[in-house]
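Trainee:
Residue numbers (my numbering): 111 to 476.
The following block contains the structure:
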């Protein structure tokens with residue numbers, strides 16, 4: 111008799127992602143296999159060497175970390191990783207981030223590390239972070255968390271970090287993007303694969319096509335203890351209100367299937383946004399003069415969706431923080447091109463200034 115359907119679903123999702131990670135690290139993996147042949151030949155000829163002394167020994171197996179809060183989604187992910195990774199010759203570890211925002215957070219982090227260790231994950235560690243205030247409590251905690259995960263991944267030389275975001279999380283992210291009016295990229299939600307500093311494909315989200323209930327069920331049938339973060343039910347947080355009030359109201363008004371529809375919208379929007387980003391990347395060189403300045407007349411000739419992507423990229427390159435650069439900022443810059451009436455400079459986040467000078471758009475630190 112096979113595993114419970116919920117357990118089978120999470121394991122299959124993780125197995126697929128681990129295969130992708132092995133494909134991304136194919137050169138090292140092939141070296142491992144070549145080394146195995148070399149060691150076999152060496153033993154046959156009496157020239158065997160210690161495994162760690164040859165290229166592709168056990169230390170060369172890729173390491174995959176799971177980011178685990180102790181909640182049902184990430185505990186289900188950790189259990190699936192612990193089950194699947196050894197079968198593929200992958201080392202598996204776990205990291206929990208202690209945000210220090212609740213009493214007893216350190217003790218809970220220690221409990222999560224113990225659970226990860228009991229699953230057989232190594233390394234298993236807790237990282238304490240200091241959460242700032244920029245962008246609000248949720249954004250600040252997220253920024254601190256990803257910084258900690260990036261640091262842990264680099265310290266351990268991890269090939270990837272798995273995150274437990276589900277289809278329900280994706281639906282919430284799409285609705286939050288819709289409320290901000292931030293455009294197609296915001297509606298595309300979370301990517302199944304995304305990057306950290308110097309690692310374009312570090313983060314993997316195996317559960318984006320699975321609902322939250324599947325992860326919780328998998329924990330229950332495996333008798334995995336889970337921790338329900340009280341912040342997830344606190345109406346002071348926007349995502350919590352959306353989860354417990356907004357989405358249920360939408361399902362009541364529109365019927366079941368809203369979450370699935372929003373997740374499909376995310377994928378369709380991501381495909382469109384990727385295509386437009388690629389177009390903007392190719393077009394950018396053609397709208398700059400010999401000095402590298404953006405020419406307003408050439409920008410005006412581009413489709414608005416392409417032009418605004420070039421403007422956003424230019425603002426970020428000048429020092430504007432991407433997380434603080436909203437659609438209204440780009441629209442104001444765009445009016446320097448499409449609605450030029452001699453207006454003055456526009457102040458952007460990060461002390462960046464955009465202004466029109468002699469038919470050129472100049473974006474720089476003020």
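Every residue, glycine too, gets a C-beta built ideally from N, C-alpha and C.
Taking residue 179 as part of the beta strand (DSSP E), name the residues at either end of that continuous run.
Mentor: From DSSP, residue 179 is part of no beta strand (DSSP E); its letter is neither H nor E.
Trainee: Using the three-state DSSP reduction, which class does residue 334 fall into: helix, strand or coil?
Mentor: Coil at residue 334, not helix or strand.
Trainee: For the 8 Å Cβ check, are there 3 or more pairs between the segment 286-305 and the segment 241-258?
Mentor: The segment 286-305 is not in contact with the segment 241-258.
Trainee: Just to check my reading of the structure: residue 446 and residue 464 have Cβ atoms closer than 8 Å, yes? What is that Cβ distance to the nearest angstrom?
Mentor: Yes, residue 446 and residue 464 are in contact; Cβ-Cβ is about 7 Å, under 8 Å.
Trainee: If the criterion is Cβ atoms closer than 7 Å, does the pair residue 189 and residue 332 meet it?
Mentor: A contact, by the Cβ cut-off of 7 Å.
Trainee: Below 8 Å on the Cβ atoms is my contact criterion, and I expect residue 273 with residue 372 to pass it. Report the Cβ-Cβ distance as a whole number of Å.
Mentor: Between residue 372 and residue 273 the Cβ distance is about 19 Å, and since that is not below 8 Å, they are no contact.
Trainee: Report the CB separation of residue 196 from residue 269 in whole angstroms; it is logged as a contact under 8 Å.
Mentor: So it is not a contact: roughly 15 Å between Cβ atoms.
Trainee: So, helix, strand or coil for residue 453, using DSSP?
Mentor: Three-state DSSP puts residue 453 in coil, outside helix and strand.
Trainee: With DSSP as the reference, label residue 225 as helix, strand or coil.
Mentor: In the structure shown, residue 225 sits in a helix (DSSP, three-state: H, G or I).
Trainee: Which residue marks the beginning of the alpha helix (DSSP H) containing residue 249, and which one marks its end?
Mentor: Segment 247-266, the alpha helix (DSSP H) holding residue 249.
Trainee: Leaving out the 5 sequence neighbours to the left and right, which residues in its chain are closer than 6 Å to residue 379 when beta-carbon positions are compared?
Mentor: Same-chain partners within the cutoff: 294, 297, 298.
Trainee: Between which two residues does the alpha helix (DSSP H) harbouring residue 440 extend?
Mentor: Note, residue 440: alpha helix (DSSP H), 437-448.
Trainee: From the DSSP output, read off the bridge partner residues of residue 396.
Mentor: Its beta-bridge partners do not exist; DSSP assigns none.
Trainee: So, is residue 327 buried or exposed, given that buried needs 16 or more other C-beta atoms within 10 angstroms?
Mentor: Looking at its Cβ environment, which holds 16 or more other Cβ atoms inside 10 Å, residue 327 is buried.
Trainee: Grab me the residues of residue 393's own chain with a C-beta within less than 8 Å of its C-beta, minus the 5 sequence neighbours each way, in chain order.
Mentor: So the list reads 412, 416, 420, once near-sequence residues are dropped.
Trainee: Quick one, which of 470, 474, 451 has its alpha-carbon nearest residue 460's?
Mentor: Closest by alpha carbon: 474.
Trainee: Using 10 angstroms around the beta-carbon of residue 154, count the other beta-carbons present and answer buried if the total reaches 16, otherwise exposed.
Mentor: Because residue 154 sits at a pLDDT of 46, beneath the cut-off of 50, its placement in the model cannot be relied upon, and the point is left open.
Trainee: Evaluate contact between the segment 393-406 and the segment 248-255, counting only Cβ atoms and requiring at least three cross-stretch pairs below 8 Å.
Mentor: Contact fails: fewer than three Cβ-Cβ distances are below 8 Å.
Trainee: Taking residue 313 as part of the beta strand (DSSP E), name the residues at either end of that continuous run.
Mentor: From DSSP, the beta strand (DSSP E) with residue 313 extends over 309-314.
Trainee: Taking the continuous alpha helix (DSSP H) assigned at residue 171, which residues delimit it?
Mentor: Premise fails: residue 171 is in no alpha helix (DSSP H) and is neither H nor E.
Trainee: Using only alpha-carbon positions, find the residue among 204, 336, 395, 409 that is nearest to residue 182.
Mentor: If we check each option's Cα against that of residue 182, 336 comes out closest.
Trainee: If we require 4 or more residues per run, which alpha helix (DSSP H) segments fall completely within the segment 325-373?
Mentor: List check, alpha helix (DSSP H) in window: 348-351, 357-364.
Trainee: Over the uninterrupted alpha helix (DSSP H) stretch that includes residue 416, give me the two end residues.
Mentor: Unbroken alpha helix (DSSP H) run through residue 416: 414-427.
Trainee: Among residues of its own chain, excluding the 5 on either side of residue 180, which ones have a beta-carbon nearer than 6 Å to its beta-carbon?
Mentor: If we look at residue 180 and ignore the five residues flanking it on each side, its Cβ neighbours are 222, 337.
Trainee: Whole angstroms is fine: what's the gap from residue 248's alpha carbon to residue 347's?
Mentor: Those two C-alpha atoms are separated by around 7 Å.
Trainee: Taking its Cβ as the centre, do 16 or more other Cβ atoms sit within 10 Å of residue 316, making it buried, or is it exposed?
Mentor: Label assigned to residue 316: buried.
Trainee: Within 10 angstroms of the Cβ of residue 206, are there 16 or more other Cβ atoms? Answer buried if so, exposed if not.
Mentor: Buried is the call here.
Trainee: Tell me the DSSP bridge mates of residue 473?
Mentor: Answer is 464.
Trainee: Nearest-angstrom Cα distance between residue 117 and residue 228?
Mentor: Computed Cα separation, rounded: 18 Å.
Trainee: Thinking C-alpha only, which one of 246, 210, 263 is nearest residue 434?
Mentor: Measuring from the Cα of residue 434, the nearest candidate turns out to be 246.
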